[in-house]
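Novice: Mind having a look at this structure? Questions to follow.
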(Lines of atoms letter the chains of each structure in order from A and count residues from 1; the text may use other names and numbers.)
(Lines give C-alpha, C1' and ligand atoms only; values in the text may rest on other atoms or scores of the structure.)
Protein backbone atom coordinates (compact mmCIF):
# COMPACT_ATOMS: atom_id res chain seq x y z
CA UNK A 1 0.00 0.00 0.00
CA UNK A 2 1.11 3.50 -0.79
CA UNK A 3 0.55 4.78 2.84
CA UNK A 4 2.78 2.10 4.39
CA UNK A 5 6.05 3.82 3.49
CA UNK A 6 5.83 6.23 6.52
CA UNK A 7 6.83 3.67 9.14
CA UNK A 8 9.73 2.54 6.95
CA UNK A 9 11.08 6.10 6.63
CA UNK A 10 10.20 7.23 10.15
CA UNK A 11 11.77 4.29 11.98
CA UNK A 12 15.37 4.91 10.77
CA UNK A 13 14.88 8.67 11.19
CA UNK A 14 13.80 8.21 14.82
CA UNK A 15 16.78 5.89 15.42
CA UNK A 16 19.16 8.45 13.91
CA UNK A 17 17.73 11.37 15.93
CA UNK A 18 17.78 9.26 19.10
CA UNK A 19 21.38 8.26 18.46
CA UNK A 20 22.42 11.86 17.81
CA UNK A 21 20.51 13.00 20.89
CA UNK A 22 22.25 10.37 23.00
CA UNK A 23 25.68 11.32 21.66
CA UNK A 24 24.95 15.03 22.24
CA UNK A 25 23.68 14.39 25.77
CA UNK A 26 26.67 12.19 26.53
CA UNK A 27 29.04 14.81 25.14
CA UNK A 28 27.39 17.54 27.20
CA UNK A 29 27.59 15.45 30.38
CA UNK A 30 31.25 14.64 29.70
CA UNK A 31 32.01 18.30 29.01
CA UNK A 32 30.39 19.41 32.29
CA UNK A 33 32.16 16.67 34.21
CA UNK A 34 35.56 17.58 32.73
CA UNK A 35 34.92 21.27 33.33
CA UNK A 36 34.06 20.59 36.97
CA UNK A 37 37.14 18.38 37.32
CA UNK A 38 39.38 21.12 35.82
CA UNK A 39 37.90 23.68 38.19
CA UNK A 40 38.45 21.41 41.20
CA UNK A 41 42.02 20.71 40.07
CA UNK A 42 42.67 24.46 39.82
CA UNK A 43 41.19 25.06 43.29
CA UNK A 44 43.35 22.27 44.72
CA UNK A 45 46.36 23.86 43.04
CA UNK A 46 45.46 27.27 44.49
CA UNK A 47 45.17 25.79 47.96
CA UNK A 48 48.25 23.56 47.94
CA UNK A 49 50.65 25.72 45.94
CA UNK A 50 49.70 29.24 46.95
CA UNK A 51 47.28 29.85 49.82
CA UNK A 52 48.46 27.11 52.20
CA UNK A 53 52.19 27.98 51.87
CA UNK A 54 51.46 31.72 52.17
CA UNK A 55 49.46 31.11 55.34
CA UNK A 56 52.20 28.80 56.60
CA UNK A 57 54.73 31.63 56.35
CA UNK A 58 52.22 34.03 57.88
CA UNK A 59 51.49 31.76 60.83
CA UNK A 60 55.17 31.10 61.50
CA UNK A 61 55.93 34.83 61.50
CA UNK A 62 52.93 35.53 63.73
CA UNK A 63 53.94 32.82 66.24
CA UNK A 64 57.47 34.23 66.45
CA UNK A 65 56.12 37.77 66.87
CA UNK A 66 53.82 36.67 69.68
CA UNK A 67 56.67 34.85 71.43
CA UNK A 68 58.92 37.88 70.95
CA UNK A 69 56.28 40.17 72.46
CA UNK A 70 55.84 37.90 75.50
CA UNK A 71 59.58 37.84 76.15
CA UNK A 72 59.88 41.61 75.73
CA UNK A 73 57.00 42.20 78.12
CA UNK A 74 58.44 39.89 80.78
CA UNK A 75 61.95 41.32 80.29
CA UNK A 76 60.58 44.84 80.73
CA UNK A 77 58.79 43.83 83.93
CA UNK A 78 61.91 42.09 85.25
CA UNK A 79 64.04 45.15 84.49
CA UNK A 80 61.52 47.46 86.18
CA UNK A 81 61.53 45.19 89.24
CA UNK A 82 65.32 45.22 89.40
CA UNK A 83 65.40 49.01 89.05
CA UNK A 84 62.82 49.40 91.82
CA UNK A 85 64.88 47.20 94.14
CA UNK A 86 68.09 49.08 93.45
CA UNK A 87 66.54 52.55 93.51
CA UNK A 88 66.67 52.46 97.32
CA UNK A 89 70.46 52.16 97.11
CA UNK A 90 70.82 55.38 95.16
CA UNK A 91 72.53 56.21 91.89
CA UNK A 92 75.54 54.01 92.59
CA UNK A 93 73.33 50.95 93.01
CA UNK A 94 71.46 51.78 89.80
CA UNK A 95 74.72 52.30 87.94
CA UNK A 96 76.03 48.97 89.23
CA UNK A 97 72.77 47.27 88.23
CA UNK A 98 73.05 48.72 84.73
CA UNK A 99 76.65 47.59 84.41
CA UNK A 100 75.98 44.06 85.71
CA UNK A 101 72.49 43.12 84.55
CA UNK A 102 71.69 45.26 81.51
CA UNK A 103 74.04 43.28 79.20
CA UNK A 104 72.00 40.12 79.94
CA UNK A 105 68.75 41.81 79.04
CA UNK A 106 70.32 43.55 76.06
CA UNK A 107 71.06 40.11 74.60
CA UNK A 108 67.31 39.67 74.19
CA UNK A 109 67.22 42.72 71.93
CA UNK A 110 70.30 41.56 70.04
CA UNK A 111 68.81 38.09 69.55
CA UNK A 112 65.57 39.45 68.12
CA UNK A 113 67.36 41.96 65.90
CA UNK A 114 69.47 39.12 64.51
CA UNK A 115 66.36 36.95 64.11
CA UNK A 116 64.64 39.74 62.20
CA UNK A 117 67.43 39.88 59.62
CA UNK A 118 68.26 36.18 59.42
CA UNK A 119 64.88 34.48 59.87
CA UNK A 120 61.92 36.83 59.61
CA UNK A 121 62.96 38.81 56.55
CA UNK A 122 63.87 35.63 54.63
CA UNK A 123 60.35 34.35 55.45
CA UNK A 124 58.83 37.55 54.07
CA UNK A 125 61.11 37.26 51.03
CA UNK A 126 59.93 33.67 50.50
CA UNK A 127 56.34 34.92 50.65
CA UNK A 128 57.16 37.48 47.95
CA UNK A 129 58.88 34.85 45.78
CA UNK A 130 55.90 32.54 46.14
CA UNK A 131 53.51 35.40 45.42
CA UNK A 132 55.27 36.38 42.20
CA UNK A 133 55.96 32.84 40.95
CA UNK A 134 52.41 31.62 41.66
CA UNK A 135 50.57 34.84 40.85
CA UNK A 136 48.36 32.94 38.39
CA UNK A 137 46.92 31.00 41.35
CA UNK A 138 46.03 34.07 43.41
CA UNK A 139 42.51 35.43 43.41
CA UNK A 140 42.07 38.99 42.10
CA UNK A 141 41.45 40.28 45.63
CA UNK A 142 44.77 38.80 46.77
CA UNK A 143 46.77 40.22 43.87
CA UNK A 144 45.88 43.76 44.93
CA UNK A 145 48.03 43.30 48.07
CA UNK A 146 51.29 42.50 46.26
CA UNK A 147 52.52 46.14 46.31
CA UNK A 148 52.08 46.35 50.09
CA UNK A 149 54.23 43.24 50.59
CA UNK A 150 56.93 44.56 48.23
CA UNK A 151 56.94 47.93 50.02
CA UNK A 152 57.12 46.34 53.47
CA UNK A 153 60.05 44.09 52.53
CA UNK A 154 61.94 46.83 50.72
CA UNK A 155 61.70 49.23 53.65
CA UNK A 156 62.76 46.67 56.23
CA UNK A 157 65.64 45.45 54.09
CA UNK A 158 66.82 49.05 53.81
CA UNK A 159 66.58 49.46 57.58
CA UNK A 160 68.55 46.26 58.21
CA UNK A 161 71.25 47.27 55.73
CA UNK A 162 71.30 50.73 57.34
CA UNK A 163 70.32 52.54 54.17
CA UNK A 164 67.13 53.92 55.71
CA UNK A 165 67.04 55.62 59.11
CA UNK A 166 64.57 54.22 61.63
CA UNK A 167 62.81 57.60 61.84
CA UNK A 168 62.14 57.53 58.10
CA UNK A 169 60.87 53.96 58.39
CA UNK A 170 58.50 54.99 61.17
CA UNK A 171 57.27 58.00 59.16
CA UNK A 172 56.55 55.84 56.11
CA UNK A 173 54.50 53.42 58.20
CA UNK A 174 56.34 50.21 57.33
CA UNK A 175 54.79 48.16 60.11
CA UNK A 176 53.44 44.66 59.88
CA UNK A 177 49.96 46.11 60.40
CA UNK A 178 50.21 47.29 56.78
CA UNK A 179 50.11 43.60 55.79
CA UNK A 180 46.98 42.79 57.79
CA UNK A 181 44.66 43.27 54.78
CA UNK A 182 46.80 40.74 52.87
CA UNK A 183 46.71 38.27 55.76
CA UNK A 184 42.94 38.65 56.10
CA UNK A 185 42.47 38.13 52.36
CA UNK A 186 44.66 35.02 52.40
CA UNK A 187 42.62 33.50 55.24
CA UNK A 188 39.27 34.35 53.65
CA UNK A 189 40.23 32.96 50.25
CA UNK A 190 41.76 29.86 51.81
CA UNK A 191 38.52 29.13 53.65
CA UNK A 192 36.25 29.87 50.69
CA UNK A 193 38.35 27.71 48.37
CA UNK A 194 38.23 24.85 50.86
CA UNK A 195 34.44 25.16 50.95
CA UNK A 196 34.29 25.26 47.14
CA UNK A 197 36.42 22.14 46.94
CA UNK A 198 34.17 20.26 49.38
CA UNK A 199 31.07 21.19 47.42
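In this note's numbering, the protein residues as written are 34 to 232.
Glycine included, C-beta positions come from ideal geometry on N, C-alpha and C.
If I follow the unbroken alpha helix (DSSP H) through residue 226, where does it start and stop?
Specialist: Counted from its first residue, the chain shown places residue 226 at position 193. Segment 213-231, the alpha helix (DSSP H) holding residue 226.
Novice: Would you check if the distance between the CB atom of residue 141 and the CB atom of residue 96 is smaller than 7 angstroms?
Specialist: Reading the chain shown from its first residue, position 108 is the one you call residue 141. Reading the chain shown from its first residue, position 63 is the one you call residue 96. No; because the gap between Cβ atoms is not below 7 angstroms, this pair is not in contact.
Novice: Leaving aside the five residues before and after residue 223 along the sequence, list all residues of the same chain whose C-beta is less than 8 angstroms from its C-beta, in chain order.
Specialist: Locating residue 223 in the chain shown gives position 190, counting from the first residue. So the qualifying residues of the chain are 80, 84, 85, 88.
Novice: Please classify residue 172: does DSSP put it in a helix, a strand, or coil?
Specialist: Taking the chain shown and counting its residues from 1, one reaches residue 172 at position 139. Three-state DSSP puts residue 172 in coil, outside helix and strand.
Novice: Between 191, 150, 217, which lies nearest to residue 176 when the distance is taken from Cα to Cα?
Specialist: For the purposes of this step, residue 176 is taken as the residue at position 143 of the chain shown. Among 191, 150, 217, the Cα nearest to that of residue 176 is on 217.
Novice: Assuming residue 186 contacts residue 145 (C-beta within less than 8 angstroms), just tell me the rounded distance between them.
Specialist: Counting from one through the chain shown, the residue named residue 186 turns up at place 153. Counting from one through the chain shown, the residue named residue 145 turns up at place 112. That pair is no contact at about 18 angstroms.
Novice: What three-state label does DSSP hand residue 165 in the structure shown?
Specialist: As a working note, residue 165 is residue 132 in the chain shown. In this structure, residue 165 counts as helix in the three-state DSSP scheme.
Novice: Less than 7 angstroms separating the beta-carbons of residue 192 and residue 161?
Specialist: Walking along the chain shown from the start, residue 192 turns up at place 159. Walking along the chain shown from the start, residue 161 turns up at place 128. Taking 7 angstroms as the Cβ cut-off, residue 192 and residue 161 do not qualify as a contacting pair.
Novice: Tell me which same chain residues have a C-beta within less than 6 angstroms of the C-beta of residue 172, skipping the five on either side of it?
Specialist: By 1-based counting over the chain shown, the position of residue 172 is 139. Answer for residue 172: 222, listed in chain order.
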